[in-house]
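In full-length UniProt numbering, the protein residues as written are 1 to 119. Note that beta-carbon positions come from the ideal geometry of N, C-alpha and C, so glycine has one too. A quick write-up on the structure given underneath.
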């Protein structure tokens, strides 16, 4: 049975952090979703910590004006790892990119998040 806490964290990662364009709301979501030493990694590299993660999210959102993140499938869990697929595209239109996030929880917060892109 999936842990509802991990599912909530994975959805917050997608919608309240990567999907949030308001800097103050995003900063608050980062504080309540990730460990202070969080590691985020994708095809472009790796960042560590809240400030670096916030900068990464801002870069992604600045490069995707008019696009929104949305879940693209069910949540899955294996022990301390959560898996959530997503899509990015214009509201109500087909996505321009799809991907999946794999998050690892420690002490009730996401400590590592790995993103894989599908084109």
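| Extent of the continuous alpha helix (DSSP H) to which residue 4 belongs | 4-11
| field | Proximity below 7 Å, CB of residue 101 to CB of residue 87 | value | no
| Per DSSP, residue 48 forms a beta bridge with which residues? | 39
| Reduced DSSP secondary structure (H/G/I, E/B, other) of residue 106 | strand
| query | Over what stretch of residues does the beta strand (DSSP E) that includes residue 23 continue unbroken? | reply | That residue, residue 23, is in no beta strand (DSSP E); its alpha helix (DSSP H) goes 23-33.
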